[in-house]
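Worksheet: one structure, shown below.
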Amino acid sequence: MNSREQILRRTGALFLEHGCKSLTMDEVASANGMSKRTLYEMFRDKAELLQECILLIHKDNMLRTEEDISGTDNVLEWFIRSLENKDEQRMSFYYDFFTQVKRYYPEVFTAVVMDVNRWHCELLERVIRRGQQEGLFIKDVLDAHQISLQLFELSVAVTDRAVRNYLEIKHDRGSDCLMLFLIRGIATESGRAYIDGYLKNNKSLLR
């Protein structure tokens, strides 16, 4: 018999492929080789199933991010590498998917966003604390918790698609550049030298 996690992974892929509105519980049951009655014994309704699928997708993304951070020599290396490896098409796809979730399942969207936002703030705080320990981020202006909250709020603002569309910004490069400058603003002298050295050799980021 399929485990709950197997069902969630298979169904999560179906939600992403077909959209949260179009995919039916009949199709979910068929894809998982079970009756709809058995499916409803495991999940109260489609909203609960959708929420658990999204949270599992987020958990997988979280684990990959943690692995990426632990595999770098310092936090600035991870931050810059994450900009370089950013998949614009994939991010646009996820944006469209979550826009649909927000429209048709607002209660799921609210619950998921609260969980995801909390994790992002905690991640930023750990990154900043590590950067401070590495001598790359300043310690005396604000503590890591306050800096992480402010950076998160700014990151949400500069990556908001509605704002970018209003300003006719066609890509995310401008927001990437702004985030890099925000990080530079809390960097120590050695941290700024690291960022400036990168920008000197990768001027395409500024175009």
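Numbering of the sequence shown is given in the numbering used here, commencing with residue 156 and proceeding in unit increments.
Ideal Cβ placement from N, Cα and C applies to all residues, glycine included.
On a predicted model such as this, the values are computed, not experimentally measured, just so you know.
Bridge partners of residue i, per DSSP?
i: PHE292; result: ALA342
Please classify residue i as buried or exposed, where buried requires at least 16 other C-beta atoms within 10 Å of its C-beta.
i: PHE292; result: buried
i: VAL282; result: buried
i: LEU279; result: buried
i: LYS325; result: Note that LYS325 scores a pLDDT of 48, beneath 50, so its modelled location is shaky; the value from the coordinates is reported in the next line. That one is exposed.
i: GLY346; result: buried
i: GLY286; result: buried
i: GLY167; result: buried
i: PHE234; result: buried
i: TYR250; result: exposed
i: LYS355; result: exposed
i: LEU218; result: exposed
i: VAL296; result: exposed
i: TYR321; result: Unreliable positioning characterises TYR321 in this predicted model, as indicated by a pLDDT of 45, which lies under 50. The coordinate reading is nonetheless provided below. TYR321 should be labelled exposed.
Leaving out five residues on either side along the sequence, give the residues of the same chain with a beta carbon under 8 Å from the beta carbon of residue i.
i: MET256; result: Correcting the residue type first, residue 256 is Val in the shown sequence and not Met. Closer than 8 Å at Cβ, skipping near neighbours: CYS175, LEU205, ILE209, VAL263, PHE264 and VAL267.
i: LEU169; result: LEU178, GLU182, VAL183 and ALA186
i: ASP223; result: TRP233, ARG236 and SER237
Alpha helix (DSSP H) containing residue i: first to last residue?
i: GLY130; result: This structure cannot settle anything about residue 130, because the visible part of the chain is limited to 156 through 362.
i: ASP215; result: 201 to 225
i: LEU194; result: 191 to 197
i: ASP228; result: First-last for ASP228: undefined, no H or E at that position.
i: ASP181; result: 180 to 186
i: SER177; result: Run containing SER177: none; DSSP gives neither H nor E here.
i: ASP251; result: 243 to 259
Within a Cβ cutoff of 7 Å, which residues of the same chain sit near residue i, ignoring the five residues on either side of it in sequence?
i: LEU304; result: CYS276
i: THR343; result: GLY290, LEU291, PHE292 and ILE293
i: LEU337; result: LEU306 and LEU309
i: LYS191; result: MET180, ASP181 and ALA184
i: ILE302; result: ILE283 and ILE341
i: TYR353; result: ILE235
Leaving out the 5 sequence neighbours to the left and right, which residues in its chain are closer than 6 Å to residue i when beta-carbon positions are compared?
i: LEU163; result: GLU207, CYS208 and LEU211
i: VAL318; result: Unreliable positioning characterises VAL318 in this predicted model, as indicated by a pLDDT of 47, which lies under 50. The coordinate reading is nonetheless provided below. Cβ neighbours of VAL318 beyond the five flanking positions: none.
i: PHE198; result: LEU204
i: THR227; result: TRP233
i: MET156; result: Confidence at MET156 is low in this model, with a pLDDT of 47, below 50, so the placement of that residue should be treated as unreliable; the coordinate-derived value is given next. Here the set comprises nothing.
i: TYR349; result: LEU231
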